[in-house]
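Chains as they are written, first to last, in the numbering used here: chain A, 0 to 283; chain B, 787 to 1191.
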């Protein structure tokens, strides 16, 4: 019965994973001719002046800030849309829409929205007398722009999962808390968050993984103009670096080594999160 | 009734079997905007004989090179495909391209009918690896209505760089975000042209990068000055937000340096307000000319049929059919293309080829795509910082390291 799943996982996940581990020990001029070079790709990648450190920094910046913001926003949204408000279904759909929009379209539209002179983001900031930054080329704000778009496009999806979690919290807990005189913040802190923590844990783990695999928004937001190093160095995440090496410059060995590195990082982070869950995740 | 059915079936089988007897060739290209012209060529070839049937498929640019890079060494590549200057080098050196030199030696494809820069583009280690398909080069597109409004005369082909800068300044209204020109800090559309136009080189005869020369420092200093003066072109940063192409099409700049491949698009946008003129001269007229070629896979199962097809692609008839969509390389058919746009001055592109103003797009002898991108990386740096010499020295080292790899 499980054969189709096993075969699917084998063909699309396990074999490619081990194949790219093998490829990370090779080097060659194209995709088919290559020879074993031992650890050379790893030595190059991990040398102090390697580009990978900058990419790792960008990736961490994006992943941690985006995940933190996205979690806060989606918990608040889920709470708001769990309450009995009018047009609840409509709002849920609206907030979920970004998750089903193609990243390519999201990037194109946000490039316009973030334009420093004509974009509505800066016009909105202007209403409050704030002179908005040049989101797409100012080194201090480039990744922040990507993070904003990332939060915008991922919050809805997290919200739906959290909503399902909220639905599972029995009303009797809230009633009991009310009898004990708890206010709405107290209820949120002492009932909602602990009982939601297994779902939050799931959302955190998948969000961190997705954050570390960031590629599509960078690819589309950078557009055609920003792909020169002068700007790309502030955007380039590890997966973007892998894409550049592997598919633009045909350095399959170096690209594979970097993806193994990324795999190890995500693995370690996930292990740490599993260790930490005893401290805050509350299973009923 | 049954008899009729049998007869029809038999006829169909007969027809079917003759169709199957034809050798099937697969042809891939990426330029979807040339679809009409390329289909016309393929249809005409298929109709001209019944031994070979070619099927053309458009593969988008991003996947095109991925597909070839896997397919060529593995032997699963299409039989015939279009190729550019940046990829022909490594493919030819690795032995992935079909040796078609006998076509040129026997005169089946008459090389005297093709421009030298197109031939040079696809000549690697003394051998020509592709039948030249088309050529392009760079010129200045300008918006006549903006010149009229400012009371400035339209430029002519003999204008100099200094005159150009002067005109651009007069057309600039930086407060309203209107500039005289949008220069893209890139090799092909700007820097290669003036490296050659100022008597410099990117690569020497042995293929070593020699970009750090006094001539090139001089040319790039002038270019960087244009960027840093603030009243000629939008800055490098501003061009990332809104690129030169968009600025020209929306009337935010009066001029832009661009390739002949944009002619149809700009004509559609500006109609009679569009003018095209040669690049302003620094020391001598030079313009970067790139050329695509028709190449074949070394592992094709039908080399003879492929050569027959390539011979047709190198014919005058194929050039004529292509002239609706691109400047064909075949002598005399290029002006058929520019005749469509003479009113706008597009004959400057064919004039540049005829007058020998063209230099082939410089392609490194190894890792060409990465060298091309590295060059553009440094141009953004130079045009925004104005530090020419240190950047050219670093660029030269980096490119030479990539070539030597």
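Every residue, glycine too, gets a C-beta built ideally from N, C-alpha and C.
Bear in mind the structure is a predicted one, so any value in this text is a computation, not a measurement.
Cβ of residue i within 8 Å of any chain B Cβ
i, result
"residue 3 of chain A", "no"
"residue 36 of chain A", "no"
"residue 246 of chain A", "yes"
"residue 229 of chain A", "yes"
"residue 39 of chain A", "no"
"residue 269 of chain A", "no"
"residue 133 of chain A", "yes"
"residue 249 of chain A", "yes"
"residue 136 of chain A", "yes"
Secondary structure of residue i, DSSP reduced to three states
i, result
"residue 67 of chain A", "helix"
"residue 34 of chain A", "strand"
"residue 1031 of chain B", "helix"
"residue 1075 of chain B", "strand"
"residue 1166 of chain B", "helix"
"residue 1131 of chain B", "coil"
"residue 1041 of chain B", "strand"
"residue 1019 of chain B", "coil"
"residue 967 of chain B", "strand"
"residue 193 of chain A", "helix"
"residue 810 of chain B", "strand"
"residue 1082 of chain B", "strand"
"residue 1150 of chain B", "coil"
"residue 995 of chain B", "strand"
Pairwise C-alpha distance: residue j and residue i
i, j, result
"residue 851 of chain B", "residue 1078 of chain B", "14 Å"
"residue 1017 of chain B", "residue 969 of chain B", "12 Å"
"residue 805 of chain B", "residue 107 of chain A", "The pLDDT assigned to residue 805 of chain B is 49, lower than 50, so where the model puts this residue is not dependable; a value taken from the coordinates is nonetheless given after this. If I take the Cα positions, the gap works out to 46 Å."
"residue 932 of chain B", "residue 859 of chain B", "52 Å"
"residue 1015 of chain B", "residue 126 of chain A", "32 Å"
"residue 946 of chain B", "residue 962 of chain B", "27 Å"
"residue 922 of chain B", "residue 885 of chain B", "25 Å"
"residue 1187 of chain B", "residue 243 of chain A", "18 Å"
"residue 803 of chain B", "residue 220 of chain A", "The pLDDT assigned to residue 803 of chain B is 49, lower than 50, so where the model puts this residue is not dependable; a value taken from the coordinates is nonetheless given after this. Computed Cα separation, rounded: 53 Å."
"residue 1027 of chain B", "residue 118 of chain A", "11 Å"
"residue 920 of chain B", "residue 1147 of chain B", "13 Å"
"residue 186 of chain A", "residue 282 of chain A", "18 Å"
"residue 994 of chain B", "residue 66 of chain A", "48 Å"
"residue 1043 of chain B", "residue 48 of chain A", "37 Å"
"residue 1169 of chain B", "residue 903 of chain B", "28 Å"
"residue 82 of chain A", "residue 92 of chain A", "15 Å"
"residue 100 of chain A", "residue 1065 of chain B", "43 Å"
"residue 988 of chain B", "residue 973 of chain B", "10 Å"
"residue 267 of chain A", "residue 213 of chain A", "18 Å"
"residue 1153 of chain B", "residue 978 of chain B", "18 Å"
"residue 162 of chain A", "residue 152 of chain A", "17 Å"
"residue 19 of chain A", "residue 862 of chain B", "22 Å"
"residue 74 of chain A", "residue 158 of chain A", "7 Å"
"residue 964 of chain B", "residue 952 of chain B", "15 Å"
"residue 991 of chain B", "residue 914 of chain B", "17 Å"
Proximity test, Cβ basis, 8 Å: residue i and chain A
i, result
"residue 1192 of chain B", "Given a span of 787 to 1191 for chain B in the structure shown, any question on residue 1192 of chain B remains unanswerable."
"residue 888 of chain B", "no"
"residue 856 of chain B", "yes"
"residue 1186 of chain B", "no"
"residue 1166 of chain B", "yes"
"residue 1044 of chain B", "no"
"residue 731 of chain B", "Residue 731 of chain B is absent from the structure shown; chain B starts at 787 and stops at 1191."
"residue 1156 of chain B", "yes"
"residue 952 of chain B", "no"
"residue 1023 of chain B", "yes"
"residue 873 of chain B", "no"
"residue 805 of chain B", "Residue confidence is low: residue 805 of chain B scores 49 on pLDDT, short of 50, so the model does not pin down where it sits. No coordinate-derived value is stated."
Interface partners of residue i on chain A, CB under 9 Å
i, result
"residue 860 of chain B", "30, 31"
"residue 1170 of chain B", "229"
Residues that residue i contacts on chain B, provided the C-beta gap is smaller than 8 Å
i, result
"residue 115 of chain A", "1027"
"residue 238 of chain A", "Under the 8 Å cutoff, chain B gives no residues; its nearest Cβ is about 16 Å from residue 238 of chain A."
For residue j and residue i, believed in contact at Cβ under 8 Å, the rounded distance
i, j, result
"residue 1155 of chain B", "residue 854 of chain B", "Not confirmed; about 12 Å, so no contact."
"residue 36 of chain A", "residue 29 of chain A", "Not really, about 15 Å apart at Cβ, beyond 8 Å."
"residue 1081 of chain B", "residue 883 of chain B", "5 Å"
Chain A contact residues for residue i, given Cβ-Cβ distances below 8 Å
i, result
"residue 852 of chain B", "246"
"residue 963 of chain B", "116"
Contacts of residue i in chain A (Cβ-Cβ under 7 Å)
i, result
"residue 876 of chain B", "28"
"residue 1162 of chain B", "227"
"residue 810 of chain B", "What residue 810 of chain B touches in chain A: nothing, since even the nearest Cβ is about 24 Å away."
"residue 880 of chain B", "28, 29"
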